[in-house]
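Report on the structure given below.
Residue numbers (full-length UniProt numbering): 1 to 129.
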């Protein structure tokens, strides 16, 4: 039985309140192209493409809520991975509206490390509020 679409979504405001909780894992599932186009991500999120999530399912925790997000162009892939996680018995939801909604609603983001600073060992992330 397929889970209704509304049950697969978490509003941006709810995720914001849960950021930093020990039982929440946030995954940025944007394609490499979309990752480069929008150079910000949700603080604390981990970068995994939908393909990586599917292939490396065993490294994801069994006891945490997994929140996946992408952008409009990635929505179908993110939704597919969310449903796959649910079929595997994981708790998973998609961020309603993805990174665009998160930014439009004014929630905090971090800028990706640029390649040059990553090569030089800098671990500072620029925050945007």
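Where is the CB? At the ideal position from N, CA and C, for every residue including glycine. Here the structure is a predicted model, which is why all the values come from computation and not from measurement.
Give me, in chain order, the residues of the same chain whose beta-carbon lies closer than 7 Å to that of residue i; leave out the 5 immediate sequence neighbours on both sides.
i	result
residue 100	71, 72
residue 127	Because residue 127 carries a pLDDT of 41, less than 50, the predicted location of this residue cannot be relied on, and no value is offered for it.
residue 36	none
residue 103	40, 109
residue 44	19, 20, 26
Might you give, ordered along the chain, the residues of its own chain that have their beta carbon closer than 8 Å to the beta carbon of residue i, omitting 5 neighbours on each side?
i	result
residue 11	96
residue 56	48
Rounded to the nearest angstrom, what separates residue i and residue j at their Cα positions?
i	j	result
residue 65	residue 58	15 Å
residue 79	residue 19	21 Å
residue 24	residue 61	10 Å
residue 17	residue 98	16 Å
residue 84	residue 90	9 Å
residue 77	residue 54	11 Å
residue 88	residue 106	34 Å
residue 21	residue 63	13 Å
residue 40	residue 86	27 Å
residue 14	residue 112	23 Å
Using C-beta distances below 6 Å, list every residue in its chain close to residue i, excluding the 5 sequence neighbours before and after it, in chain order.
i	result
residue 82	8, 68, 92, 94
residue 27	46, 48, 68
residue 116	Unreliable positioning characterises residue 116 in this predicted model, as indicated by a pLDDT of 39, which lies under 50. The coordinate reading is nonetheless provided below. Counting only Cβ-Cβ distances below 6 Å, and skipping sequence neighbours, we find nothing.
residue 31	74
Pick helix, strand or coil for residue i, following the three-state DSSP scheme.
i	result
residue 72	helix
residue 42	coil
residue 110	strand
residue 90	coil
residue 60	coil
Report buried or exposed for residue i, applying the criterion of at least 16 other Cβ atoms within 10 angstroms of its Cβ.
i	result
residue 50	buried
Identify every run of the alpha helix (DSSP H) within the region 1-33, keeping only runs that are complete inside it and at least 4 residues long; order them along the chain.
-> You should have 12-18.
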